[in-house]
Amino acid sequence: MVNRFMAEAIEEAKKAYMEDEVPVGAVITYKGEIIARAHNLRETLNRATAHAEIVAIEKACEVLNSWYLTDCDLYVTLEPCIMCAGAIINARIRSLYFGAFDPRGGACGSVTDVFRLKELNHRVTVYAGIMEEECSLVLSEFFKSKR
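Under numbering that gives the first Met the number 0, read the sequence shown as residues 0 to 146, first letter to last.
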């Protein structure tokens, strides 16, 4: 199941690539079904907050008609940044699965680890390196094409 959902997130990342966005994709599941899918839209929308995770969280909230996503899991191709980590915590997402590590901006252990702050009121279970090679390949191909 985990690889199936990450593969769907990779498909979202490929959509971002085709739209000349940094290719990050995300899906959110509820009771084993995908309820939201998204990819980066920062360039398209000219919005700094239009990361794949944020867009997916907004869609999932609409589907469930609630900002509480306590029974939801998020699959994202790149380690979330600090902004997205905060949104994941605030949405009360149960589990986070991410693919590639982000040594320049990752907030799940690479630069910092927001999810280990004991003072926060919600705990997210984090699984790292899911289909890491496939997730990294989409990103490296994109940046190679930019050089």
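Every residue, glycine too, gets a C-beta built ideally from N, C-alpha and C.
Can residue i and residue j be called in contact, C-beta distance under 8 angstroms?
i	j	result
Ala6	Arg36	no
His50	Val23	yes
Thr76	Ile34	no
Just curious, the beta strand (DSSP E) that residue i is in, first and last residue?
i	result
Glu32	Glu32 to His38
Ala99	Ser94 to Ala99
Please classify residue i as buried or exposed, where buried requires at least 16 other C-beta atoms within 10 Å of its C-beta.
i	result
Met17	exposed
Phe142	exposed
Ala12	buried
Pro102	exposed
Cys72	One detail in the question is off: residue 72 reads as Asp in this sequence, not Cys. Asp72 should be labelled buried.
Spatial neighbours of residue i within its chain, please: CB distance less than 6 angstroms, with the 5 preceding and 5 following residues excluded, ordered by chain position.
i	result
Glu61	none
Ser94	Asp72 and Thr124
Thr48	none
Residue i lies in the alpha helix (DSSP H); which residues open and close that run?
i	result
Phe141	Glu131 to Lys145
Ala4	It is Phe, not Ala, that sits at residue 4 in the sequence shown. First-last of the alpha helix (DSSP H) with Phe4: Val1 to Met17.
Ala84	Ile81 to Asn89
Ala25	Element bounds for Ala25: not the alpha helix (DSSP H) but the beta strand (DSSP E), Gly24 to Tyr29.
To which residues of the same chain is residue i closer than 7 angstroms at the C-beta, ignoring the five residues directly before and after it?
i	result
Ala91	First, the residue type needs correcting, since residue 91 is Arg and not Ala in the sequence shown. The answer, listed in chain order, is Tyr67, Leu68, Thr69 and His121.
Keeping to the same chain, check which residues put their C-beta closer than 8 angstroms to that of residue i; ignore five residues upstream and five downstream.
i	result
Asp19	Glu42
Is the stretch 76–91 touching the stretch 100–118, taking contact as three or more C-beta pairs under 8 angstroms?
-> Yes, they touch.
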